[in-house]
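What follows is one structure encoded as structure tokens, with my remarks underneath.
There are 2 protein chains.
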Amino acid sequence: MKNCNQFKKLEICVCGLGYVGLPIAIEFAKIFNVVGFDTDKLRIKELKNNYDRTAEIASQKLDGCGITFVSEAGLISRCNVFIITVPTPINNFNKPDLRFLINASQTISRVLKKNDFVIYESTVYPGVTEDECLPILEQNSGLKVNKDFWLGYSPERINPGDTYNRIDNIVKITSGSNREAANFVDELYKKIIKVGTHKAPSIKIAEAAKVIENIQRDLNIALINELSMLFKELDLNTNEILKAAGSKWNFMPFEPGLVGGHCIGVDPYYLTHKASEIGFHPELILAGRRTNDNMPDFIAKILIRHMIKSNKSFINGPVLILGMTFKENCRDIRNSKVFQLRDKIIQYGLEVDLYDKLADYDTVKLNYGFNKIENLDENKYQAIILAVKHDYIKAMTMKEIRAYGKVGCIVFDLKNVFPHDEVDICL
Amino acid sequence: MKNCNQFKKLEICVCGLGYVGLPIAIEFAKIFNVVGFDTDKLRIKELKNNYDRTAEIASQKLDGCGITFVSEAGLISRCNVFIITVPTPINNFNKPDLRFLINASQTISRVLKKNDFVIYESTVYPGVTEDECLPILEQNSGLKVNKDFWLGYSPERINPGDTYNRIDNIVKITSGSNREAANFVDELYKKIIKVGTHKAPSIKIAEAAKVIENIQRDLNIALINELSMLFKELDLNTNEILKAAGSKWNFMPFEPGLVGGHCIGVDPYYLTHKASEIGFHPELILAGRRTNDNMPDFIAKILIRHMIKSNKSFINGPVLILGMTFKENCRDIRNSKVFQLRDKIIQYGLEVDLYDKLADYDTVKLNYGFNKIENLDENKYQAIILAVKHDYIKAMTMKEIRAYGKVGCIVFDLKNVFPHDEVDICL
């Protein structure tokens, strides 16, 4: 069994170099030998050239970070700690898609040796690490957990686009396949997490803790979205109501909006999937998902209502959606609900342009089959929706924004960025 | 129109002297002449004798507070500011019961004079003050709002049993029937609220803000309750999971438990009632209510399961529920879910004793038709449920608590008061 005295001999492999894996690899590389492994050859090539397309790690930080970036599984066999940071998405039917996790486990199982450690960071429902991944590791390697090798689970809490809460000042949950393994995982992460760790009593407790964090967030945003739908029908300004309620010491300041991305809108389905296996049908968790998924439809309806009321007949020109990523100050467009909003407006027979200078051009085309607008033309749009609260959008003036619209253009400020009397619609 | 210069001439009538009205009256009486009005003659008699049965205001504070306590409506006619602090409960079918509010409005309307002010503090749905109460005031008095008299709404944020958040250090929302009225209400409350006020742009915004505060709380507790039900089926300890999740900077520390009382479990029905009027059917708000209302049934089930598993056959003796009030360190038993829990256990054919030295003996008998236990006998119970986190219960040792049980007695700690290994069941 490894202990703290053996830390010097550790060779860490971080498997999956996305939003989660790369920052973890960078931190560990400050102390240990680290191999960064990803099956995406282009990503490895870019990282070797000190370019992080997620814009989370600056070029100068990559330069000389000491990580050996590889895309060949054979090159990770010299490592003795494997940290798995692959995505756990859902499929088109909102069911957990464990393929990345299973593939990664298979890859690791082929190089697993005696005394190695395998630590998972991916968000899962309680039981995935021990009941789904562990059998793959044991079967292919012929090794036994807690005898030949050890298992850990330490859920990632990376917050993309957040410059304040970074990996080294977010407390990290740790857990292991037995007490000694838990201690090892805990000591290991304490080396990189300045603010410390929380050692959970079991892997399943750690898995459950991670998945409920985003469920709580999803449900709270869903409540505010439901309230904003109701208050719109009652002709009351939701932002004013939230401001007043927010004067109470324990009111929690959530905002209405689109809920996308690969965490908040996805994790609830992981837990409800597990629940359905044992015949438990959560009312709240899925009600939250339904409400948040209805927001694009609601927003499109409010826009169209207002356009008809204001201009009597529609003026020509497309609708512009400003902001495409799933959250502010982040380049990630995966599972962004802006694309659903686009579809919903198109259903009314209007054209829609998307613009976001932060969103990755190639990824948009690859994922959604159409081009984002590269440059905005003035005097073009009959309506403009401010969909994402990027800093660069907050820095624009209403005059600048209205310049892209025609006379009578409707500005819909989804994110409460501008004073209410400067825009035509807000929630 | 009254303004700040006329404050000296104010005679304030506080109408309804319960958990909300009495503290408000006490604060205003430090500055103004105050008449405290309640139709409950016994309450008035007690207050005149410096006794507050809600235990919120100490006897020495009542002594010499200067309030004129009256139960005759004729005696309030000399007042020129009427503050209405009557309860807004729900009926047996979970529909808003506005009778107290309507009765109070009728009473005020009979004494309303030119230049008077009527301010409501009761929790309602948006529209009640202006659409339900105001017509009563105008019709009976023959006076017109914003011409002859003025209307205000300033929702109460009293937190019974909370010794830290008291009336003078909780920001208060203010609003009025027009700009001048709002300013007056705001200036008036600023006199007693040290930490200041939040002036809302309209009465309806203030009404909506108040009602969503408790909805947010109800839904968040409901989520934790739903999770605790699921995790119990998965044989995972919810408290351990919450502790781990709580290590994240933005996880909100709600606890599972019974949700009763006259605010959190009631206010959601006010907003959903209004919503149903305009054909809007909130998914989340009512799902939260259903989940919280299911908790007594769930807790009884878990207890019975455990009793059967542990003791094979049931040992004799009743089940003891320790704690009866709707929240900790509070004497109020109205709408406490402990009584539903009692009913659910009785449905399994067991007997139940309730004990709570804080709960008011007479009120229990009056409201529920049975006596609470006045003294606990040792060696009597086959199971003990710790249902409320009163300070006096937290101060007991597990040995003291187990002494009331027979050999093999099951202790179910609903509120996570004791270490898990000292109790038999927790959530």
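Same order as they appear, the protein sequences are chains A and B.
Counting from 1 along the first sequence, just add 410 to a position and that's the residue number in the working numbering.
Counting from 1 along the second sequence, just add 410 to a position and that's the residue number in the working numbering.
By construction, the Cβ of each residue, glycine as well, lies at the ideal position given by its N, Cα and C atoms.
Integer-rounded CB distance, given that I820/B should sit under 8 Å from A793/B: Rounded to the nearest angstrom, the Cβ distance from A793/B to I820/B is 4 Å, consistent with a contact under 8 Å.
Terminal residues of the alpha helix (DSSP H) in which F559/B lies: Here F559/B belongs to no alpha helix (DSSP H), and DSSP marks it neither H nor E.
Exposure label - V503/A; buried when at least 16 CB within 10 Å: Looking at the sequence shown, residue 503/A is not Val but Phe. By the C-beta density criterion, F503/A is exposed, having fewer than 16 other C-beta atoms within 10 angstroms.
Cβ-based burial, N556/A [other Cβ within 10 Å; buried from 16]: Classification of N556/A: exposed, given that the 10 Å Cβ count is below 16.
Three-state secondary structure (DSSP) of A439/A: DSSP places A439/A in helix when its eight states are reduced to three.
Limits of the unbroken beta strand (DSSP E) element including Y530/B: That run of the beta strand (DSSP E) goes F527 to Y530.
Chain A within 7 Å of F690/B, Cβ atoms only: By this cut-off, F690/B is an interface position.
Burial state of K582/A, where buried means 16 or more other Cβ atoms lie within 10 Å: Under this definition K582/A is a buried residue.
P839/B at chain A interface by Cβ criterion, 7 Å: Chain B is shown only over 411 to 837; residue 839/B falls outside these bounds and no answer can be derived.
Among Q549/B, C543/B and N575/B, nearest to L561/B - alpha-carbon criterion: L561/B has its Cα closest to that of C543/B, out of Q549/B, C543/B and N575/B.
Within 7 Å, strictly: CB atoms of C489/A and E421/A: Contact: yes.
From K419/A, I441/A and A465/A, residue whose alpha carbon lies closest to that of L432/A: Selected option, being the one with the closest Cα: A465/A.
is_contact[T498/A, chain B] using C-beta, thresh 7 Å: Proximity of T498/A to chain B, defined by a Cβ-Cβ separation below 7 Å, is not satisfied.
Short Cβ contact (7 Å threshold) for I615/B with A654/A: In contact: I615/B and A654/A (Cβ atoms closer than 7 Å).
Listed by chain order, chain B residues near R700/A by CB distance under 8 Å: Against chain B, the beta carbon of R700/A has neighbours under 8 Å at E693, listed in chain order.
C-beta contact flag for F527/A and C423/A at 7 Å: Contact: no.
Beta carbon proximity, E636/A to chain B, threshold 7 Å: Yes, contact with chain B.
Straight-line Cα distance separating E784/A from I718/A: Taking the straight line joining both Cα atoms gives about 29 Å.
Distance between beta carbons of F438/B and I602/B, contact taken as under 8 Å: That belief holds up - the Cβ atoms of I602/B and F438/B are roughly 6 Å apart, short of 8 Å.
is_contact[L633/B, chain A] using C-beta, thresh 7 Å: So, interface residue.
Positions along the stretch 592-624 of chain A whose CB lies within less than 7 Å of some CB in chain B: Answer set for the stretch 592-624 of chain A: H608, A610, P611, K614, I615, A616, A618, A619, I622 and E623.
Three-state class that DSSP yields for Q792/B in the structure shown: Strand.
F661/A at chain B interface by Cβ criterion, 7 Å: With 7 Å as the cut-off, F661/A counts as an interface residue toward chain B.
Against chain A: residues of the stretch 562-576 of chain B by CB proximity under 8 Å: Cβ contacts with chain A: R567 and N575.
For V621/A and P692/A, the rounded distance between their alpha carbons: Going by the C-alpha atoms only, they are around 14 Å apart.
Sheet register partners of E421/A (DSSP bridge): DSSP, once it has assigned bridges, lists N443/A as partnering E421/A.
Residue nearest to D645/A in terms of C-alpha spacing, selected from K523/A, N575/A, H672/A and L837/A: With distances taken between Cα atoms, D645/A lies closest to L837/A.
Contact residues within the stretch 640-651 of chain B, judged by C-beta distance below 8 Å to chain A: Within the stretch 640-651 of chain B, the residues whose Cβ lies closer than 8 Å to some Cβ of chain A are L640, F641, E643, L644, L646, N647, E650 and I651, listed in chain order.
Helix, strand or coil at I583/B [DSSP, three-state]: Three-state DSSP puts I583/B in a strand.
P678/A: contacting residues in chain B (beta-carbon distance under 8 Å): Under a criterion of Cβ atoms nearer than 8 Å, no residue of chain B is adjacent to P678/A; the nearest Cβ is some 11 Å distant.
Short Cβ contact (7 Å threshold) for T584/A with D572/A: Taking 7 Å as the Cβ cut-off, T584/A and D572/A do not qualify as a contacting pair.
Run of the beta strand (DSSP E) containing I353/B, from where it starts to where it stops: In the structure displayed, chain B extends from 411 to 837; residue 353/B sits before or after that span and is not available.
Classification of I688/A by the beta-carbon crowding that lies within 10 angstroms, buried from 16 upward: By the Cβ neighbour-count rule, I688/A is exposed, with fewer than 16 other Cβ atoms within 10 Å of its own.
Buried or exposed by the 16-neighbour rule on C-beta atoms within 10 Å, applied to R453/A: Using a 10 angstroms sphere on the CB of R453/A, the tally of other CB atoms reaches 16 or more, which defines it as buried.
Touching by the beta-carbon criterion (3+ pairs, under 8 Å), the stretch 506-521 of chain B and the stretch 466-477 of chain B: A contact is defined here as three or more CB-CB pairs under 8 Å, and the stretch 506-521 of chain B fails this definition with respect to the stretch 466-477 of chain B.
Within-7 Å CB hit, I434/A to chain B: No, because no Cβ of chain B sits closer than 7 Å to the Cβ of I434/A.
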